[in-house]
Amino acid sequence: HACISYIAKDQTPPPKYPIAIFSSENRNTWAACRAELLAAGNEAALNAIDCAAFNIVFDDVEVGSQPEKIFHTFLYGNGKNRWFDKSFSVIFTSDGQGALNFEHSWGDGVAVMSYFNEVAKDVQEKPSIHPESVPANIDASQFVRRLEFNLTSNLEAAINKAIQTYETNISTLQVNVLESKILSKNLCKKYKVSPDAMMQLGFQVAYYLQHGMVVATYESCSTAAFKHGRTETIRPATLETTEFAKAVSRSQLPSNADLKKLIMECSKYHGMLTKEAAMGQGFDRHLFGLRKLAEAQGGRMPDLFIDPAYAKINHNILSTSTLPSAAISFGGFAPVVRDGFGVGYQIQDDWLGLVLSSYHPHRDGAGFIECAEKAYKIIHDALTNP
1 HACISYIAKD
11 QTPPPKYPIA
21 IFSSENRNTW
31 AACRAELLAA
41 GNEAALNAID
51 CAAFNIVFDD
61 VEVGSQPEKI
71 FHTFLYGNGK
81 NRWFDKSFSV
91 IFTSDGQGAL
101 NFEHSWGDGV
111 AVMSYFNEVA
121 KDVQEKPSIH
131 PESVPANIDA
141 SQFVRRLEFN
151 LTSNLEAAIN
161 KAIQTYETNI
171 STLQVNVLES
181 KILSKNLCKK
191 YKVSPDAMMQ
201 LGFQVAYYLQ
211 HGMVVATYES
221 CSTAAFKHGR
231 TETIRPATLE
241 TTEFAKAVSR
251 SQLPSNADLK
261 KLIMECSKYH
271 GMLTKEAAMG
281 QGFDRHLFGL
291 RKLAEAQGGR
301 MPDLFIDPAY
311 AKINHNILST
321 STLPSAAISF
331 GGFAPVVRDG
341 FGVGYQIQDD
351 WLGLVLSSYH
361 PHRDGAGFIE
371 CAEKAYKIIH
381 DALTNP
């Protein structure tokens, strides 16, 4: 507590050349800069960072309760006080908001959610720090070490270039948020449909209403039931969801009874896909492994992997993921392709929410949210009306 308070109150101005921005760079560029940092005598400072289990980041900004500002702050911030290579960073703003930003190669959302749940439980049941806590009466300066770096002119130029690249990349990233009580977990259970299936059906209908077509859609599914299991892909865009999307896009809506029947079919098929993916019976990771083996062997790639259809299904316009937890307000991520949407979503007992990211001008996030609202109302009305 004393050390954290000491750092938070430190008045030292930010460095003119923040090396942390290197961790936002292209990996090859960052690797070359890291080698130069080591050659310039910065091995001890870099080792101190590398040996840390995680980062704690203090952001001198107030985000209030604005979801858009919260998203921008916690997803990337200014990039100068983050170390994006770290497994995860715990970020706090000056008005007391907190979040976790994690690097994806080591693990998945299930591990992060478990961490959040444990922390939330511990803070509520056994709080060791509270508003009345007083830091220990020690000289914290003896326990805190500021890391200094020797920089060459080439490294200084590389930092400036990295800042420019970073600011260009984030300048077009936009976020739109939907929170609604039109559909909820309790309502879905009442009508015996899968809450997750209804969320995914809403995405399919929204995209169809906006663009009049179906696109490759990705939903992450944990395979933690297996040792070293990571994820498999659920493919929520199905013949069933497409039939429903087309039906509700017509000028004359089908009867509620017909729509309800289609919804039940969508829910049933989505449930089957989810179970198959969780048990390792999906096809995406299997084909990915075969493709990597083919690449390692060299020579001509098998026809499947150079087929335009294979490229199309792996260009995920709709990339979706959910982390349902009472300890998390919401979560989000950037689109995985420049012309796509990143959809972080939750459906709780009495509400639903989604955080939609996109790159301007490639996608219209506000338009998608508007269509999603329409989609969930259509689903709600079909379920609740006779």
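In this text, residue positions in the sequence shown follow UniProt numbering: the first is 1, and each later residue adds one. C-beta atoms are modelled at their ideal positions from N, C-alpha and C, and glycine is treated no differently. These numbers were taken from a predicted model, which means no experiment stands behind them.
Within 7 Å, strictly: CB atoms of residue i and residue j
{"i": "residue 452", "j": "T172", "result": "Absent from the model: residue 452. The displayed extent of the chain is 1 to 386, so no value can be given."}
{"i": "S321", "j": "S251", "result": "no"}
{"i": "F92", "j": "L100", "result": "no"}
{"i": "L323", "j": "M113", "result": "yes"}
{"i": "A245", "j": "Y218", "result": "no"}
{"i": "N176", "j": "A366", "result": "yes"}
{"i": "C188", "j": "M199", "result": "no"}
{"i": "T274", "j": "D108", "result": "no"}
{"i": "T223", "j": "G289", "result": "no"}
{"i": "T241", "j": "C266", "result": "yes"}
{"i": "I182", "j": "K312", "result": "no"}
{"i": "S194", "j": "G271", "result": "yes"}
{"i": "D95", "j": "E68", "result": "no"}
{"i": "A206", "j": "C51", "result": "no"}
{"i": "I170", "j": "Y76", "result": "yes"}
{"i": "N117", "j": "S329", "result": "no"}
{"i": "L178", "j": "L38", "result": "no"}
Rounded C-alpha distance that separates residue i from residue j
{"i": "D85", "j": "V57", "result": "14 Å"}
{"i": "I369", "j": "L356", "result": "8 Å"}
{"i": "R145", "j": "A136", "result": "18 Å"}
{"i": "M213", "j": "I317", "result": "12 Å"}
{"i": "G64", "j": "A327", "result": "18 Å"}
{"i": "S255", "j": "A247", "result": "10 Å"}
{"i": "L259", "j": "A294", "result": "45 Å"}
{"i": "A53", "j": "S153", "result": "31 Å"}
{"i": "E373", "j": "R338", "result": "24 Å"}
{"i": "Y17", "j": "A309", "result": "46 Å"}
{"i": "P15", "j": "Q174", "result": "28 Å"}
{"i": "R300", "j": "Q11", "result": "60 Å"}
{"i": "E125", "j": "W106", "result": "30 Å"}
{"i": "A334", "j": "R363", "result": "13 Å"}
{"i": "G229", "j": "E132", "result": "43 Å"}
{"i": "V134", "j": "R27", "result": "43 Å"}
{"i": "F298", "j": "G344", "result": "Note on identity: in this sequence residue 298 is Gly, with Phe being the wrong assignment. C-alpha separation (whole angstroms): 37 Å."}
{"i": "F74", "j": "A32", "result": "27 Å"}
{"i": "R291", "j": "H104", "result": "21 Å"}
{"i": "F305", "j": "D60", "result": "48 Å"}
Distance between beta carbons of residue j and residue i, contact taken as under 8 Å
{"i": "D349", "j": "N81", "result": "Between N81 and D349 the Cβ distance is about 37 Å, and since that is not below 8 Å, they are no contact."}
{"i": "G98", "j": "V110", "result": "Not really, about 20 Å apart at Cβ, beyond 8 Å."}
{"i": "T233", "j": "D284", "result": "4 Å"}
{"i": "F22", "j": "A162", "result": "6 Å"}
{"i": "G342", "j": "G332", "result": "7 Å"}
{"i": "P236", "j": "Q204", "result": "7 Å"}
{"i": "A45", "j": "F149", "result": "6 Å"}
{"i": "L155", "j": "A48", "result": "Going by Cβ atoms, the distance from L155 to A48 rounds to 18 Å, so no, they are not a contact pair."}
{"i": "T165", "j": "E25", "result": "7 Å"}
{"i": "N55", "j": "W83", "result": "5 Å"}
{"i": "A278", "j": "A225", "result": "6 Å"}
{"i": "I19", "j": "I159", "result": "7 Å"}
{"i": "I379", "j": "G202", "result": "6 Å"}
{"i": "H315", "j": "A216", "result": "6 Å"}
{"i": "T238", "j": "Y269", "result": "6 Å"}
{"i": "S184", "j": "I347", "result": "7 Å"}
Residues that residue i bridges to, as DSSP identifies them
{"i": "E219", "result": "I234 and T320"}
{"i": "D307", "result": "Looking at the DSSP assignment, D307 forms no beta bridge with any residue, so it has no partner."}
{"i": "I91", "result": "V57 and A99"}
Any chain B beta carbon closer than 7 Å to residue i
{"i": "A375", "result": "Note that chain B does not occur in the displayed structure, where there is just one protein chain."}
Distance cut-off 6 Å: residue i Cβ against heavy atoms of the ligand FAD
{"i": "T73", "result": "Absence of the ligand FAD is noted for the structure shown, with no ligands found whatsoever."}
Within the stretch 112-198, note down every full alpha helix (DSSP H) run reaching 4 residues or more, in order along the chain.
Fully contained in the stretch 112-198 are the following alpha helix (DSSP H) runs of length 4 or more, in chain order: 153-171 and 185-190.
Could you tell me which whole alpha helix (DSSP H) segments of length 4 or greater appear in the stretch 305-384?
Listed in chain order, they are 308-313 and 365-384.
List, from N- to C-terminal side, the beta strand (DSSP E) runs of 3 residues or more that fit wholly inside the stretch 17-70.
Qualifying beta strand (DSSP E) stretches, in chain order: 55-59.
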